[in-house]
Every structure is written in structure tokens, then in C-alpha cells.
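Residue numbers (the working numbering), protein chains in the order written: chain A, 3 to 251; chain B, 17 to 233. Everything on this sheet refers to the single structure shown next.
Pasting the structure below:
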């Protein structure tokens, strides 16, 4: 069981809790969600505690994060999307911290669970749809027929556009979940090779087992990049959806 | 413009389908044979505690808890980020921006002031120089005129004195000449009286003296 690469994704109850007939126990997943939220808030508040004109290390990180997401919103969602900057920032920071905390051995990666990524993606999806409906009213539905396309193609195009629109939260959530899960599983599989080799080959196994460890060192670097990249992709797409909601093409 | 997007979505759909089959296959595999009884039994247990078979991600009994805590943590995070975190960082960045642009404005203003002062100083120097030149010229002209006048005065005074002196010399010369003639006549008369023993007439003596003087002159 120690080498089961899927063991790391198991949800472990910590404080059993029931609410209206549902099991809402505080689990290892919940712990790291709380940790991520606390760390992000701490970075932003403790980092700016001195409000220094010349920033220190923590303040530099806070400012960097702020300006990075701020730039992403400005460049991909447009100037009108400024009011939604806090939401985009929360999404990016939460996913990024969830992914990065998961890179620490022994932790739990809540972004490797489809239900979490789907709930986040669905939040974004509902948000941009409501936003588009509020801004454009019934005109929003023109979004499903590309302007300039021949009207005879409407029976084909409209279903495609509607399906592609509805698939947004699905692709958004599966991309993040699958990347995180695959990466973590791969690390565990390679680590398992070493343990198997040592168990089966003894002294030779100690030498041969170093190879998967070396591969894992490279993979950890790669996974850290993936952890950042997937948070970035999730956020960029959120920005683009917000832009669609504001501009409707 | 539809085709590339369509392709992306088709790929996404394909990936989703593959994943669903792949993931869906695991629990059904786990539930085969002797495990079926255990799995059915596990349904009655709490979320994720005893359900060790299959992908933990597809254990729907953990969904409620994860959504619940995601809503709480993400909701709290959003409020904290929107109301506390981002305004603080934004304020720090704005303050720096304001400070830098303020400093730049101040520097520009100070430079303008310095330029104005330098310009005023140069103007003052130029004016002073022009004034000094003018004064110098005026003074030179006045001094030249005064000098010329004094020289003329002195020259005039000298000429007058010279004339006076010449007149006085001429007068004294005439007097001296007259005295010489009288003395010469007297001496001649005395000499004649002594040598000839006759008293010469005055007119004859005077005539002889005049003739002698004329000869000498």
C-alpha cells in the first residue's frame, strides 16, 4: 500500500461533521484549502505590513503576484474587467498555492480532485454567464451565432457554439485536475520503482534505485513548472471568458 | 474562424471521453468478484474512510465535504483578498507611484525654478555690464572734455604770461637801451671834453652816439 501511487489522493477524515444529512467532514483536503487561504492572506497582509517604499522580500513577492495577475486581467480581459480583478486574483492564488503546496512531500493536493477543480470552474462559468446576461440581456444569446456567418449554417453552428460554451467548465476543470493528478502519480510511480528495486535486488537495488530518484529530481522541477503553468492557464482562460462576457466577440 | 475552435473542443471532448472511460473503468474493475460485497458494504460507511478501492477522486461520498470546504475557504479567501489584501498592496503600489511622480514633478519644478534664476542672473549680469560700459564711456568722454579744457586753459594762460613777459622784456630793453645811450653820450661828452678840452654840443654827441649804436646794432 505504501507504493500505491493513488494512495496520496485519498481523502482522510479529520473532524467528522454532518450538515443537513450531508457528510461535510473536515478532511486532509480541507486542511490544505485552509492552509492555502491563510498563506495567501498572510502574504498580502504581512507582506505589506511595513508599507515600505523600497519593498522587502515578502513585500516584493506580494507586489509581484499583484502586478502579475493585474497585468493578466488588463491584457486578457480588458480594462473594463478591473472590477473582477479580486475574483481572478483569488482563483489564481488559490489554484497556484494549492498546486505548489502539493509539491511538498507528504502534503495533499486539493487541486488533484476533479470535484474541487470542477467547482472552481463552475464558479467561473456561472459568474461569466451571469455577468454576460446582466451586461447584454437577451442580446447575450447572439454569442452562439458568430457574426458574419451565413444564416444557413445556423442549425450547425448554434449547437456547436452552445456545446462549446457548456464544455468550458468541463475542459477547464479536467485540464487542471488531470495535470495535477498525472504529475503526482508519475512521481509516486518512479519513487515506487526505487523501493521495489531495493526490496528485490538488495545491494544492487540501492545502486539501480538511484536512477528513478534522479529522474524524479528532474520530474519535480518539471512538476513545479506544471503547477505554475496550470494555475496560469486556468486564470488566463478565466480572463478570456470574462472578456467574452464583456465584449460578446 | 470556426474550424480551429471546433478542433480544440473536439480534442477536449475526446480527452474527456478517454479520461472518463479510463477512470470509470477503475472502480468497476475494483468491484469485480469478491470485492463487490465489500464495496456495497462501504456505501454505508463515511466518506473516504474505508473506501480504499478505485480512484479517490471518483468517490462521490467525499464530494459534499470537498465542495463545502472549498466554498468556505475560497469564499473567505475572496472576501479577505478583495477587502483587505489587494487594497493594501494596491495602496502601497499607488503610494510608490505617487511618490515617484511627485518627486519627478518636484524635480521638474525645481529645475524650472533654477533655470529661471540662472536666466535672471545672466540678465542682471548683462545689464550690469552694459551699465558699466555706458558709465565708463560717459566718464571717459567727460574726463577727456575736462582734460582738454584744462589744457586749453593752461595753454591760454601760458600764452598770456608769455606775452606779458615779452612786453616787460621789451620795455626793460628799451629802458636799458635808452640808459645806454644816455650813458654813452655822457661818456662821449666827457671823453671829448677830456681829450679835446672842448665842451661838445649836446646835439653833436647824441648824433654820434646814435650813429655808433646803429652801427653796432
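C-beta atoms are modelled at their ideal positions from N, C-alpha and C, and glycine is treated no differently. Model, not experiment: these values are computed from the prediction.
The Cβ of residue 145(B) sits no closer than 8 Å to any Cβ of chain A. At a cut-off of 8 Å between beta carbons, residue 91(A) contacts chain B. Of all C-beta pairs linking the stretch 103-111 of chain A to the stretch 159-173 of chain A, fewer than three are shorter than 8 Å, placing the two stretches out of contact. Distances from the CA of residue 215(A) to each of 195(A), 229(A), 203(A) and 202(A) were compared; the closest alpha carbon is that of 195(A).
Judged by DSSP in its simplified three-state form, residue 29(A) adopts strand. Excluding sequence positions up to five before and after residue 109(B), its CB lies less than 8 Å from no other CB in the same chain. Residue 118(A) and residue 6(A) have their C-alpha atoms roughly 22 Å apart. A direct Cα-Cα distance of roughly 37 Å separates residue 162(B) from residue 187(B). When secondary structure is reduced to three states using DSSP, residue 9(A) falls in the helix class. Unbroken alpha helix (DSSP H) runs of no fewer than 4 residues, entirely contained in the stretch 178-243 of chain A, are found at 205-210, following chain order. In this structure the stretch 73-91 of chain B touches the stretch 121-132 of chain A; the number of beta carbon pairs closer than 8 Å is three or more. Judged by DSSP secondary structure, residue 83(B) falls outside any beta strand (DSSP E) and instead within the alpha helix (DSSP H) spanning 79-96.
Residue contact with chain A for residue 98(B): present (Cβ-Cβ distance below 8 Å to some residue of chain A). Around the CB of residue 153(B), fewer than 16 other CB atoms lie within 10 Å, so the residue is classed as exposed. A contact is defined here as three or more CB-CB pairs under 8 Å, and the stretch 62-82 of chain A fails this definition with respect to the stretch 114-128 of chain B.
Residue 232(B) counts as exposed, since fewer than 16 other beta carbons sit within 10 angstroms of its beta carbon. Residues of the same chain with a CB within less than 8 Å of the CB of residue 191(A), apart from the 5 flanking positions on each side, are 7 in chain order.
DSSP, reduced to helix, strand and coil, places residue 37(A) within a helical segment of the structure shown. For the C-beta of residue 235(A), not a single chain B residue is nearer than 7 Å; the gap to the nearest is close to 13 Å. Residues of chain A with a Cβ closer than 8 Å to the Cβ of residue 80(B) are, in chain order, 24, 25 and 26.
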